[in-house]
Every structure is written in C-alpha cells, then in structure tokens.
Ligand SMILES: [Zn+2]
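Numbering (my numbering), first residue to last: 1 to 409.
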C-alpha cells in the first residue's frame with residue numbers, strides 16, 4: 001500500500017491516541033472519539049485511508065452489524081480485514097476502523113443508511129451491500145423513500161458493484177441505478193412499508209416471492225442468488241446448506257448476502273461458508289446470560305421489522321421477557337409498538353418490563369395476549385422458574401441487561 005501523506009499519518013496517530021485514552025478512562029471503545037479527532041486534524045482522512053483498499057459498504061435498516069461481521073469473517077480467508085465491529089457506522093467510526101488496520105488490504109464497513117451517499121463518495125468503495133429498508137422507530141415510509149432516492153443518485157454513474165436484496169422493492173429501486181447489480185432473493189418478512197411502487201406510487205402486486213407494479217414496468221428482477229429455506233442457491237444452481245450458528249431466517253438472509261459479497265471479491269462459497277459458520281454472536285446478540293439456574297437468550301430488536309425477526313428466532317415453547325425503553329437511542333416515541341402484531345405470543349408466558357412497560361401492556365391487552373408486569377428486568381427474571389427463556393429488548397434495555405449480567409461478546 002502507498003504511504004499516507006504526513007498530515008494524514010499524524011491525524012490517524014493522534015486519533016488512535018484519543019481512542020486509547022477514551023478506552024482506558026472507561027468512556028467506551030473509543031472508535032468514535034478517535035475518528036473525530038482524526039477528521040478534525042485532516043478532513044480528507046477517510047478518503048486517504050480508503051485509498052488502495054478493496055472496500056465493501058454494508059447498509060440496511062436491520063442486520064447491518066451482523067452482515068458486516070459475516071462478510072468480515074468470510075473475507076478473512078483472503079487476507080487482513082479492517083472493520084468497524086462495534087457498530088460505529090458513521091465517518092468517524094470508519095476512520096477509526098481503517099486507522100486501526102493500516103495495512104489491511106480489505107475493508108468491510110457498516111454504514112448508516114443516511115450516510116451511505118457521503119461515505120460512498122469519499123471512499124470510492126468498489127462493492128456496496130444493501131439488504132432492507134423499513135420504518136425505524138417513528139420514521140415513516142415517505143422518509144425511507146427519500147433515503148432510497150438518495151441511494152439511487154449516489155450509485156448512478158459510478159462503477160460500484162452492488163449486491164442487493166431484490167425481495168425488498170424499495171431496496172431494488174434504490175440499487176437499480178448502479179452500473180452492476182447482483183440480485184439476491186434474501187426474503188422480506190416485513191412488508192408494511194412496501195405495498196406501493198417506489199417508482200410511480202401504483203399498487204404492487206405480489207405472487208409468492210414475485211412482485212410487480214400494476215401501473216408501470218417496475219418489477220422484481222431475476223435473482224442471481226436465492227435463499228431457499230436453510231440453503232442458498234448460487235448463480236450456477238448449486239445448493240449450499242448454510243448451517244449457521246446464528247439463529248433465524250433474518251440471519252440466513254444475511255448469510256446469503258455475505259456469500260454473494262464474497263463472490264464479488266473472488267471468494268468461492270466453499271471457502272466462505274465455513275467462515276460464516278464460525279460467527280456465534282454479534283455484539284452480544286443471541287448470547288445467553290445465566291444466573292441462578294436461569295439461562296436467558298438475548299435478542300435485540302429496534303423497530304417493527306426487527307420484532308418480527310426476533311419472534312422468528314424465539315422458541316415458542318419458552319417463557320419470554322419483553323423490555324422496551326424510550327431513551328435517546330431508542331427513540332422517545334414508542335407508538336410503533338402498535339405496528340407489531342403480538343398475537344404470535346398467545347399461549348406463552350409473557351413477562352413485560354422496561355420504561356415503556358405500560359404502553360406495551362396496553363398493546364398486548366388489545367391483542368389479547370396475557371402477560372405479567374414487572375418494575376425491573378431483575379424482578380421479571382427472578383420471578384421465572386429455573387430453565388431457559390428468551391428476552392426481546394430494544395437498544396438501551398438490551399445494553400442495560402448486558403451490563404447487569406456482564407458483557408458477553
Ligand atoms: Zn410503478
């Protein structure tokens with residue numbers, strides 16, 4: 001790799017020092033502060049750090065962190081990989097990730113949906129992976145349509161190779177201005193934000209996995225890769241059983257995307273697949289925490305589509321604790337609780353806690369799901385009999401439980 005200019009070297013080194021200071025003083029993993037320091041000293045730092053590397057940017061409403069981790073694991077097969085493993089998915093986090101692995105020829109960067117155009121412009125990444133777009137907390141469909149429109153503009157006229165989920169009409173529309181697209185039929189569980197055509201506003205007709213606009217020519221492209229239950233069918237028609245350790249349909253979809261990205265980097269499925277199977281937990285998600293004979297599996301869910309994914313992973317034979325907070329990172333407005341269909345929980349012991357437990361309680365009552373209410377997670381946990389249970393929590397509730405039970409990564 002070419003040497004960074006002196007100013008960029010200095011900015012990168014000072015940024016790493018700031019990150020170290022932040023870590024040793026207990027202010028987090030330091031990836032954001034370090035990157036910010038670097039960018040103040042050298043605004044062009046991200047561009048310089050990205051130069052001469054093979055990069056993939058990963059963006060979606062849900063599954064960004066997990067897919068980033070899966071792709072990183074796969075590309076390790078080819079060489080050293082720089083990645084923002086802690087989910088710091090804006091430019092300061094990208095600067096930190098690339099600074100920490102200066103000589104890595106590969107980079108896998110999780111990118112916030114809104115920042116994708118800027119980061120693509122700055123880094124000139126050769127590959128972009130796009131999975132799904134849905135309302136996040138209270139963002140409504142009109143806002144994600146604007147987001148997809150920005151993706152279209154950003155991808156237009158660039159040589160970028162896009163790997164996109166063609167089962168999500170809005171992602172398809174957002175990706176379709178790219179010069180080269182590999183379509184992956186990765187499935188779409190949450191359809192509430194894609195009943196109308198993003199191109200003309202007409203109704204979308206669906207037939208099985210297929211979809212097409214009734215009023216214009218916009219339709220589902222022919223997929224190159226297909227997620228088929230527990231397996232992925234590659235562009236040559238070979239069927240590969242995924243057998244991932246990460247649970248659920250959403251993660252099999254993430255796995256299919258990761259295999260398609262791997263192939264864009266020249267990595268064969270046969271080599272990538274064992275690497276995907278090595279991933280057991282991502283930033284504490286799906287890990288099990290234990291205390292007093294009770295073993296709780298933690299599922300993070302940040303928005304309506306995420307709740308459906310968590311229900312899919314959750315074991316219907318087990319009791320379940322639901323914990324919803326409403327702090328800054330969660331969004332103060334929890335009226336999205338009304339967008340989720342909770343009837344699937346009928347017949348299970350349901351325990352409710354978190355700052356917005358009363359809102360959730362009302363929602364469950366209307367859905368005719370019996371439940372018990374607790375003031376704290378610890379109370380709910382202790383009230384359950386020993387054995388296994390599942391926990392679905394939104395962002396800060398999830399972090400609280402992790403810190404209370406010790407960080408497991
Ligand atoms: Zn249309």
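Note that beta-carbon positions come from the ideal geometry of N, C-alpha and C, so glycine has one too.
Thinking C-alpha only, which one of 13, 99, 110 is nearest residue 59?
-> In the chain shown, the residue the question calls residue 59 occupies position 59. Considering only alpha carbons, the answer is 110.
For residue 373 versus residue 357, is the C-beta spacing smaller than 8 Å?
-> Taking the first residue of the chain shown as 1, we reach residue 373 at position 373. Taking the first residue of the chain shown as 1, we reach residue 357 at position 357. Yes, Cβ-Cβ distance for residue 373 and residue 357 is below 8 Å.
How big is the Cα-Cα spacing for residue 91 and residue 98?
-> Numbered from its first residue, the chain shown carries residue 91 at position 91. Numbered from its first residue, the chain shown carries residue 98 at position 98. For residue 91 and residue 98, the distance between alpha carbons rounds to 11 Å.
Which residue from 259, 312, 369, 239 puts its Cα closest to that of residue 347?
-> The residue you call residue 347 lines up with position 347 of the chain shown. Looking at the Cα atoms, 369 is the closest of the given residues.
Pull up the distance between the alpha-carbon of residue 39 and that of residue 350, whole angstroms please.
-> As a working mapping, residue 39 is identified with position 39 in the chain shown. As a working mapping, residue 350 is identified with position 350 in the chain shown. The alpha-carbon atoms of residue 39 and residue 350 are separated by roughly 47 Å.
Nearest to residue 119 by CA position, among 226, 215, 146, 150, is which residue?
-> Position 119 of the chain shown, counted from the start, is the residue given in the question as residue 119. Taking only the C-alpha atoms, the option nearest residue 119 is 150.
With a 10 Å radius around its C-beta and 16 neighbouring C-beta atoms as the bar for buried, classify residue 366 as buried or exposed.
-> Counted from its first residue, the chain shown places residue 366 at position 366. By the neighbour-count rule (16 or more Cβ atoms within 10 Å), residue 366 is not buried but exposed.
According to DSSP, which residues form a beta bridge with residue 59?
-> Counted from its first residue, the chain shown places residue 59 at position 59. 130, per the DSSP bridge assignment.
Just to confirm, does residue 87 get its C-beta within under 7 Å of one of the non-hydrogen atoms of ligand 1?
-> Sequence index remark: in the chain shown, residue 87 carries index 87 (1-based). It does not: the Cβ of residue 87 is nowhere closer than 7 Å to a heavy atom of ligand 1.
Going by Cα to Cα distance, which pick from 399, 384, 136 is closest to residue 283?
-> Mapped onto the chain shown, residue 283 falls at position 283. Nearest of 399, 384, 136 to residue 283, Cα basis: 399.
Going by beta carbon distance, what residues of the same chain come within less than 6 Å of residue 272, once the five residues before and after it are set aside?
-> Here the question's residue 272 lines up with position 272 in the chain shown. Counting only Cβ-Cβ distances below 6 Å, and skipping sequence neighbours, we find 74, 259, 262.
Please name the residue, chosen from 325, 65, 332, that lies closest to residue 352 on a Cα-to-Cα basis.
-> For this step, residue 352 is matched to residue 352 along the chain shown. Of 325, 65, 332, the residue nearest in Cα terms is 325.
Straight-line Cα distance separating residue 207 from residue 408 | Position 408 of the chain shown, counted from the first residue, corresponds to residue 408. Position 207 of the chain shown, counted from the first residue, corresponds to residue 207. Reliability fails at residue 408, whose pLDDT of 47 lies under 50, so the model's placement of it is uncertain and no value is given.
C-beta contact flag for residue 318 and residue 390 at 8 Å | Residue 318 sits at position 318 when you count from the first residue of the chain shown. Residue 390 sits at position 390 when you count from the first residue of the chain shown. It is a contact, given that the beta carbons lie within the stated cut-off.
Is any heavy atom in ligand 1 found nearer than 7 Å to the beta carbon of residue 42?
-> Mapped onto the chain shown, residue 42 falls at position 42. Flag unset: Cβ of residue 42 not near ligand 1.
In chain order, what are the residues with a CB under 6 Å from some non-hydrogen atom of ligand 1?
-> 197, 199, 200, 202, 213, 215, 216, 218
Please name the residue or residues paired with residue 290 in a DSSP beta bridge.
-> Taking the first residue of the chain shown as position 1, residue 290 is located at position 290. Residue 290 is bridged to 295.
Which residues mark the beginning and the end of the beta strand (DSSP E) in which residue 233 is found?
-> The residue labelled residue 233 in the question sits at position 233 within the chain shown. Start and end: 231-233.
Can you give the Cα-Cα distance for residue 294 and residue 314, rounded to whole angstroms?
-> To locate residue 294, count along the chain shown from 1; it is residue 294. To locate residue 314, count along the chain shown from 1; it is residue 314. Each residue's Cα considered, the two are about 16 Å apart.
Rounded to whole angstroms, what's the CA-CA distance from residue 135 to residue 340? Just pull it up for me.
-> Residue 135 sits at position 135 when you count from the first residue of the chain shown. Residue 340 sits at position 340 when you count from the first residue of the chain shown. One C-alpha to the other measures close to 12 Å.
In chain order, each beta strand (DSSP E) run of at least 3 residues that lies wholly inside the stretch 308-366 | 320-323, 350-353
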